[in-house]
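Have a look at the structure below before the remarks.
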């Protein structure tokens with residue numbers, strides 16, 4: 740599968756949205772990649788996660804971890820292809836944590852996965868959590884890098900799809916000036 744075929748999967752499943760979106764990073768964008776619309780199809784999830792696993796099969800991976808919610812399915816299916824354990828992190832009072840009895844043993848090699856990154860904030864939080872547990876970061880695997888390769892996690896990072904999609908700080912957003920309603924995908928219209 741090449742980038743064109745992966746982009747076709749996003750288009751076919753309706754995973755590329757246009758409008759005025761509030762991203763997890765707090766930035767605004769006219770385009771949004773909704774990976775949940777892709778991962779609702781097990782055949783696409785399996786195909787994309789196998790490709791992601793293949794990118795890291797040269798490393799000894801003990802654990803695959805992703806942030807909830809976007810990283811849960813990706814972590815599970817990538818770990819299945821690598822033959823490893825899978826974990827996910829959750830926010831508790833605004834802080835990324837391991838819950839549900841999950842833990843990382845000191846020295847375990849951990850692959851961090853995520854659906855989409857713009858600034859990489861959630862992935863950086865997961866990396867910090869893994870390091871605090873004395874795990875080794877073996878790499879970062881992404882379905883989509885919206886930064887066009889600009890985000891740097893300080894480790895080997897591979898994305899199935901790398902796009903440079905413009906995003907804006909809220910006070911500089913040209914879409915806001917057009918009075919187009921701001922939407923946080925997965926929620927109703929937001930009145931700011």
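Numbering (the working numbering), first residue to last: 740 to 931.
All C-beta atoms, glycine included, are put in the ideal place defined by N, C-alpha and C.
Pairwise C-alpha distance: residue j and residue i
| i | j | result |
| --- | --- | --- |
| residue 770 | residue 822 | 35 Å |
| residue 865 | residue 829 | 10 Å |
| residue 846 | residue 911 | 44 Å |
| residue 891 | residue 810 | 18 Å |
| residue 767 | residue 858 | 12 Å |
| residue 785 | residue 797 | 19 Å |
| residue 748 | residue 781 | 12 Å |
| residue 756 | residue 773 | 7 Å |
| residue 882 | residue 862 | 13 Å |
| residue 765 | residue 840 | 30 Å |
| residue 889 | residue 775 | 24 Å |
Residues that residue i bridges to, as DSSP identifies them
| i | result |
| --- | --- |
| residue 903 | 886 |
| residue 898 | 881 |
| residue 847 | Answer by DSSP bridge pairing: none, since residue 847 is not bridged. |
| residue 856 | 884 |
| residue 837 | 828 |
| residue 755 | 772 |
| residue 876 | 849 |
Spatial neighbours of residue i in its chain, beta-carbon cut-off 6 Å, leaving aside the 5 residues before and after
| i | result |
| --- | --- |
| residue 915 | none |
| residue 897 | 794 and 880 |
| residue 848 | 799, 800, 801, 875 and 877 |
| residue 903 | 887 |
| residue 759 | 914, 919 and 921 |
Contact set for residue i: own chain, Cβ-Cβ below 7 Å, skip 5 residues either direction
| i | result |
| --- | --- |
| residue 820 | 788, 789 and 792 |
| residue 816 | 784, 785 and 788 |
Can you list, in chain order, the stretches of the beta strand (DSSP E) that have 3 or more residues and sit fully within the region 778-835? 802-806 and 824-831
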